[in-house]
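Participant:
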Amino acid sequence: MVSRVRVWLNRTYAENVFFMDQLRRNPSDRAVEIHATHGSADSPVLAAADTAELEPEGLSPAAYVEYALDQCARRGIDVFVPRLHQEAIVAHRAEFEAAGTALLAPPVEAVTVFQDKVTAYQAVQAVGIPVPPWRRVTNEDELVATVEELEAGGHRACFKPAAGAGGVGFRVITRTPFSMVQLEGFPSPYVPLDLVVRAVREAEAPVDWLVMPRLEQPEVSVDCLTGPDNRIRMAVGRTKMGRRRGFTLHEQWLEPARRLAEGFGLHHLSNIQFRMYGDRPVLMDVNTRPAGGLHQLALCGINAPWAAVQLALGEDPGTVVPPFLGTDYTVVSGPRPLRPLSVPQQRAGEQQVPPAPLTAPAGSAGGGSAAAGTAGVDAQKVLPL
């Protein structure tokens, strides 16, 4: 009899409820139990898990590693998918392995390279992969000089934190004065240069930003699965052009992604993002974790989370090739259950009885950020691969 697999996701994105769904509905019908922890009692991943706990707040990276090792031992975790404090956790891989837990994450050397965007850009440039022109700025003089240089070259300048994920802190600089235009519509990423300069001047500490040209669409996120032998098992691109999404296997995107994943040892799941600078693709970002939109590959007939868990367990899934490319689609939101408020919001203690799943209204996509095909693809029927 094949034993069940116990998987833990720590403080992860809400979209990973779909990651969890796919693990449970794996092609082998192997039993999967999911443990989740988070800092917010209202994270949907807690309600979607078989067991769940609120994480203690204020732990240092070292203290969090001790917490994680205790969780793995107490919960009998077979595969741990770390997001919070990933770098500190993978530095202790041997200790997790001694506890019987495999880490679904790259080695510490790879995580360290891509934690800081300057270090990452320098490293990938050295192996011949194109990156956009960029400057690291820490004060108002550096900021203004870099913006003027980019504008003189015909570019619109933007900035983002040198360390960060998920687009947090990204802004596009404009010379248009702040006016009612900014207040009458939805919040915009565009910020007037004079307001940015003033904020940097008045900041209590130096900023740490990358300033670069605003890159053009399409944006292509290549989801990769790479083995500990540095051999890639899967590379599929997800394209974004405004609200329109799709898939690609074009080598102009996949070839540099493979070189990065294999050359830098991005073991297990990674996500490598490109945009256009002029007429050529350039690297935008590298995520050493599963992307929030990874579940969308189900529209191509791929269960990437399960293939990754197999690989972490030493069960090589072989080369994962999409049997077909899904039609263009868009992403819409929908309801997901939360843990009931009657459950005591303690810092420890399992969720004993998960709430009943919400029923989507007739004709709706339902079930969270669903990938709804524009050609009539029923994403909810496809996602459970």
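Just so you know, we're using full-length UniProt numbering here: the sequence shown kicks off at 1 and counts up by one.
Glycine residues also receive a C-beta, built at the ideal position from the N, C-alpha and C atoms.
Using a Cβ distance threshold of 8 Å, determine whether the segment 105 to 123 contacts the segment 72 to 91, with at least three qualifying pairs required.
Facilitator: Yes, the segment 105 to 123 touches the segment 72 to 91.
Participant: Do residue 84 and residue 10 have their CB atoms nearer than 8 Å?
Facilitator: Closer than 8 Å, so yes.
Participant: Could you check whether residue 222 and residue 242 sit closer than 8 Å to each other, using their CB atoms as the reference points?
Facilitator: Their beta carbons are not under 8 Å apart, which means residue 242 does not touch residue 222 by this criterion.
Participant: Do you know how far the Cα of residue 209 is from the Cα of residue 442?
Facilitator: Here the chain comprises residues numbered 1 to 385, so residue 442 is not present and cannot be evaluated.
Participant: Would you mind sorting residue 96 into buried or exposed? The rule is 16 or more other CB atoms within 10 Å of its CB.
Facilitator: Residue 96 should be labelled buried.
Participant: Any idea if residue 180 is buried or exposed, counting beta-carbon neighbours within 10 angstroms, 16 or more meaning buried?
Facilitator: Residue 180 should be labelled exposed.
Participant: Among the candidates 320, 277, 271 and 122, whose CA atom is the shortest distance from the CA of residue 154?
Facilitator: Nearest option by C-alpha distance: 277.
Participant: Does DSSP put residue 268 in a helix, in a strand, or in coil?
Facilitator: Reduced to three states, the DSSP call for residue 268 is strand.
Participant: In the DSSP assignment, what residue or residues form a beta bridge with residue 209?
Facilitator: Its beta-bridge partners are 137 and 161.
Participant: With DSSP as the reference, please indicate the residues paired to residue 226 in a beta bridge.
Facilitator: Per DSSP, 232 and 268.
Participant: Would you mind reading off the limits of the beta strand (DSSP E) that contains residue 285?
Facilitator: Run containing residue 285: 280 to 287, per the beta strand (DSSP E) assignment.
Participant: Taking the alpha helix (DSSP H) that residue 114 belongs to, which residues open and close that run?
Facilitator: 108 to 115 is the span of the alpha helix (DSSP H), which, as asked, contains residue 114.
Participant: Given that a residue counts as buried once 16 or more other Cβ atoms are within 10 Å of its Cβ, and exposed if not, what is residue 139?
Facilitator: With fewer than 16 other Cβ atoms within 10 Å, it is exposed.
Participant: Would you report the Cα separation of residue 326 and residue 81, rounded to the nearest angstrom?
Facilitator: Using only the alpha carbons, I get a separation of about 27 Å.
Participant: Looking only at its own chain, which residues have a Cβ that is under 6 Å from the Cβ of residue 123, when we skip the five neighbours before and after it?
Facilitator: Counting only Cβ-Cβ distances below 6 Å, and skipping sequence neighbours, we find 113.
Participant: Please list the terminal residues of the continuous beta strand (DSSP E) segment that includes residue 192.
Facilitator: Here the beta strand (DSSP E) through residue 192 covers 190 to 192.
Participant: What's the gap between the Cα of residue 343 and the Cα of residue 73?
Facilitator: With a pLDDT of 49 at residue 343, under the threshold of 50, the predicted position of this residue should be treated as unreliable, and no value is reported.
Participant: Taking 8 Å as the cut-off, does the segment 145 to 163 touch the segment 217 to 233 (at least 3 CB pairs, one atom from each stretch)?
Facilitator: Short answer: they don't touch.
Participant: Quick one: grab the DSSP three-state call for residue 218.
Facilitator: The answer is strand: DSSP assigns residue 218 an E or B state.
Participant: Is the beta carbon of residue 127 closer than 8 Å to that of residue 263?
Facilitator: For residue 263 and residue 127, yes; Cβs fall inside 8 Å.
Participant: So, under 8 Å CB-CB, residue 297 and residue 304 are touching, yes? Tell me the CB distance rounded to an integer number of Å.
Facilitator: That pair is a contact at about 5 Å.
Participant: Helix, strand or coil, according to DSSP, for residue 16 in the structure here?
Facilitator: Helix at residue 16.
Participant: What three-state label does DSSP hand residue 69 in the structure shown?
Facilitator: In the structure shown, residue 69 sits in a helix (DSSP, three-state: H, G or I).
Participant: If you follow the alpha helix (DSSP H) that residue 186 is part of, which residue opens it and which one closes it?
Facilitator: Segment: none, residue 186 is in no alpha helix (DSSP H) and carries neither H nor E.
Participant: Where does residue 5 fall in DSSP's three states?
Facilitator: Of the three classes helix, strand and coil, the one that applies to residue 5 here is strand, per DSSP.
Participant: Could you work out which residue in 269, 255 and 219 is closest to residue 245 when comparing CA atoms only?
Facilitator: That would be 219, whose Cα lies nearest to the Cα of residue 245.
Participant: Assuming residue 162 contacts residue 118 under a Cβ cut-off of 8 Å, what Cβ separation, rounded to an integer in Å, is found between them?
Facilitator: Between residue 118 and residue 162 the Cβ distance is about 6 Å, and since that is below 8 Å, they are a contact.
Participant: Under 8 Å, with one C-beta from each stretch per pair, do the segment 189 to 198 and the segment 263 to 274 reach the 3-pair mark?
Facilitator: Output reads no: the segment 263 to 274 does not touch the segment 189 to 198.
Participant: Cβ of residue 219 less than 8 Å from any chain E Cβ?
Facilitator: No chain E appears in this structure, which consists of one protein chain only.
Participant: Can you tell me which of 249, 30 and 194 puts its alpha carbon nearest to the alpha carbon of residue 173?
Facilitator: Closest by alpha carbon: 194.
Participant: When you compare each of 199, 315 and 295 to residue 25 by their alpha carbons, which one comes out closest?
Facilitator: When each option's Cα is compared against that of residue 25, the closest is 295.
Participant: In this structure, how does DSSP classify residue 41 when only helix, strand and coil are distinguished?
Facilitator: Here residue 41 sits in coil by DSSP.
Participant: Please state if the CB of residue 260 and the CB of residue 129 are separated by a distance shorter than 8 Å.
Facilitator: For residue 129 and residue 260, yes; Cβs fall inside 8 Å.
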